[in-house]
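In what follows, a single structure is set out as structure tokens and then discussed.
There are 2 protein chains.
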Amino acid sequence: MSALTRDANPPLTKSVEDYLKVIYHLSSQGGFATTSDIAGMLEVAPPSVSGMVKRLSDTGLIEHVPYRGVQLTAQGRREALRMIRRHRILELFLTQQLGYDWDGVHAEAERLEHAVSDGLIERMANALGQPQYDPHGDPIPTAAGEIEETELMPLADAPVGAKLELRQVGTQDAARLRYLADQGLTPGVLLVVSDRQPFNGPTTIALAPSGDPRIVGRDLAQLLWCREVPVEDRGRPAT
Amino acid sequence: MSALTRDANPPLTKSVEDYLKVIYHLSSQGGFATTSDIAGMLEVAPPSVSGMVKRLSDTGLIEHVPYRGVQLTAQGRREALRMIRRHRILELFLTQQLGYDWDGVHAEAERLEHAVSDGLIERMANALGQPQYDPHGDPIPTAAGEIEETELMPLADAPVGAKLELRQVGTQDAARLRYLADQGLTPGVLLVVSDRQPFNGPTTIALAPSGDPRIVGRDLAQLLWCREVPVEDRGRPAT
DNA sequence: TCAGTTTATTAGTGTAAGCTAACACGTCTT
DNA sequence: AAGACGTGTTAGCTTACACTAATAAACTGA
Chain A
1 MSALTRDANP
11 PLTKSVEDYL
21 KVIYHLSSQG
31 GFATTSDIAG
41 MLEVAPPSVS
51 GMVKRLSDTG
61 LIEHVPYRGV
71 QLTAQGRREA
81 LRMIRRHRIL
91 ELFLTQQLGY
101 DWDGVHAEAE
111 RLEHAVSDGL
121 IERMANALGQ
131 PQYDPHGDPI
141 PTAAGEIEET
151 ELMPLADAPV
161 GAKLELRQVG
171 TQDAARLRYL
181 ADQGLTPGVL
191 LVVSDRQPFN
201 GPTTIALAPS
211 GDPRIVGRDL
221 AQLLWCREVP
231 VEDRGRPAT
Chain B
240 MSALTRDANP
250 PLTKSVEDYL
260 KVIYHLSSQG
270 GFATTSDIAG
280 MLEVAPPSVS
290 GMVKRLSDTG
300 LIEHVPYRGV
310 QLTAQGRREA
320 LRMIRRHRIL
330 ELFLTQQLGY
340 DWDGVHAEAE
350 RLEHAVSDGL
360 IERMANALGQ
370 PQYDPHGDPI
380 PTAAGEIEET
390 ELMPLADAPV
400 GAKLELRQVG
410 TQDAARLRYL
420 ADQGLTPGVL
430 LVVSDRQPFN
440 GPTTIALAPS
450 GDPRIVGRDL
460 AQLLWCREVP
470 VEDRGRPAT
């Protein structure tokens, strides 16, 4: 050992932060994040993931079951949520204070989230009034590491006639986001599923209360996460 | 060679950006930046500098005369000024839009300057009204890479009776900056040198037109860069 | 001018993180 | 139950950038 005592809590590197974030996303609906899924999301080769997995489980951020996958430990989850908070606050700040479009913020936030201090994030959060959702409708974890768990369903799964509020848009793809914004499909809008044709085909929806109908392909409808409109909200203008 | 053609213009790394910045500062008043000065400013060991100097001159960003020092090439100077623009715009944005004190912005800007895109910097610059000076009074290079060269003298060198405008504060030390702000010694204030005692001793100045006298030690006075007040500005309120 | 000091460079090592090629494990199918 | 295939892991290499120890060049003072 070259140094007498190896640094007990070295600061997380940019790479580590990225790995924790994608492992969080991949393992959020249950189970394990697999090596190849991680590799796919980070656009690195699978052996690179194996190497990092070794380091992350050595430092206690993840739990690794060989040939099965990884899960975050409590500490890993804390760090992941911290990064997600940073990312989402940054996205909101860039759109609200600096005129970014919701399809352009992702890349910028992706780089900034590794460089900002916690203090700066909290200043931004204050300037934005301690917001709960980012521009895509995703919930922003609190500084304490709590995140809202909502029961949402993809528009693709909603029955004809359902009245829904669009809550989250599950993509960061700029072209798709631009298209959705054009169609008025942004978090908060009220929707009525008016038709679905032929079998498992495109979904026709109407913007409620009085908007024009839209036709959305099945793949897109899979990305539009909605909740049923609570009775007391029906027909009220957005506050 | 593993790749057929090695990437002709790889993006600058954070380290490279830092080296270019300090070489710019060290060589701005004439000559060469020496290995040990660079090492001192970056807080790395001299051999690390030798290694980096090799790489930087291989890629044409600096000119190296062994055992003498280095200078920026035109391209290196462009990159250095780009980083300085980023840094100073960030400092101004953080102080003006997010309530940072002028003694706290430096560290934050230091990390952010490597992560922001040029587009974000220009948005910030617009939000700030295309400013010319950062919170410490240092000129902000233009996006095209021009920087204002001003003739300033340290307060320490000013004769008794001189009427001066404080233009720049040549330190990033938080404690000193806090002290100066307390004393009302920020860029733009008008000063009159009222005394200097005994020989080469502390400088007594008065805040013009009617302020209280301040006593400033010689070391501090060395950091307060002033210009003589042009006649047409005398006594006019700051615009 | 020459020895001694200061400063710069070279040599060799370490760590983080990527890669390709080769090998191992699990699962799925017949 | 046995291959065959896909996915995961190991081995070994590369680049960027730091470090220490050893060496070389340049300066300086008697």
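As given, the protein sequences belong to chains A and B, one line each in that order.
Heads up, the first sequence is in this note's numbering, so the first residue is 1 and it goes up one at a time.
Heads up, the second sequence is in this note's numbering, so the first residue is 240 and it goes up one at a time.
Backbone N, C-alpha and C fix where the C-beta goes; we use that ideal spot for every residue, glycine too.
All values reported here derive from a predicted model rather than from experimental measurement.
C-beta neighbour in chain A for Glu302(B), strict 7 Å: no
Same chain, Cβ closer than 6 Å to Arg214(A), five either side skipped, listed in chain order: Gln183, Ile205
Residues bridged to Trp341(B) [DSSP beta-bridge criterion]: Trp341(B) is not bridged to any residue.
Interface residues of the segment 285-319 of chain B facing chain A [CB-CB below 8 Å]: none
Cβ shell of Leu394(B) (< 6 Å), same chain only, five flanking positions each side left out: Ala460, Leu463, Cys465
Reduced DSSP category for Gly69(A) - H, G, I as helix; E, B as strand; rest coil: strand
Within chain B, the residues that Ala115(A) reaches when beta carbons sit closer than 7 Å: Arg350, Leu351, His353, Ala354
Beta carbon proximity, Arg88(A) to chain B, threshold 7 Å: no
Leu166(A) (DSSP reduced to helix, strand or coil): strand
Interface partners of Leu337(B) on chain A, CB under 8 Å: Leu120, Arg123, Met124, Ala127
Beta carbon proximity, Ala3(A) to chain B, threshold 7 Å: Annotation note: pLDDT 43 at Ala3(A) (below 50); position unreliable, coordinate value reported separately. No, its Cβ sits nowhere closer than 7 Å to a Cβ of chain B.
Beta-bridge partners of Val431(B), as assigned by DSSP: Lys402(B), Ala445(B)
For Glu63(A), the residue or residues it bridges with in DSSP: Gln71(A)
Rounded separation between Ser48(A) and Thr389(B) - CA only: 51 Å
Ser266(B) burial status per 10 Å Cβ neighbour count (16 or more: buried): buried
For Arg321(B), the residue or residues it bridges with in DSSP: BP columns for Arg321(B) are empty, so no partner.
Proximity of Ile121(A) and Val70(A) at Cβ, strictly below 7 Å: no
is_contact[Glu330(B), chain A] using C-beta, thresh 7 Å: no
Element boundaries [alpha helix (DSSP H), containing Pro286(B)]: 285-297
Residues near Val432(B) by beta carbon distance below 6 Å, same chain, minus five either side: Ala397, Val399, Ala401, Ile444
Chain-order list of residues whose beta-carbon lies under 6 Å from that of Pro476(B) (same chain, five-residue window excluded): In this predicted model, Pro476(B) has a pLDDT of only 46, less than 50, meaning its place in the structure is not dependable enough to derive any value.
DSSP-derived helix/strand/coil call for Leu224(A): strand
Cα-Cα separation, Gly129(A) to Leu164(A): 27 Å
Distance between Val65(A) and Glu385(B) (C-alpha atoms, nearest Å): 57 Å
Limits of the alpha helix (DSSP H) - the one that Ile23(A) falls within: 14-27
For Ile140(A), the three-state DSSP class (helix, strand or coil): coil
Rounded distance between the beta-carbons of Ala109(A) and Lys21(A), thought under 8 Å: Not quite, the Cβ-Cβ distance comes to about 12 Å (not below 8 Å), so this is no contact.
N- and C-terminal bounds of the alpha helix (DSSP H) containing Ile38(A): 35-42
Beta carbon of Ala354(B) nearer than 7 Å to that of Ala107(A): no
Chain A contact for Glu388(B) (CB, 7 Å cutoff): no
Secondary structure of Ile215(A), DSSP reduced to three states: strand
Cβ neighbours of Ser50(A) in the same chain (closer than 7 Å, five flanking residues each side left out): Thr35
Proximal residues to Pro141(A) (C-beta, below 6 Å), its chain only, five neighbours per side dropped: Leu81, Ile84, Arg85, Ile147
Enclosing alpha helix (DSSP H) for Ala397(B) [first to last residue]: That residue, Ala397(B), is in no alpha helix (DSSP H); it is neither H nor E in DSSP.
CB of Leu446(B) within 7 Å of CB of Leu405(B), strictly: no
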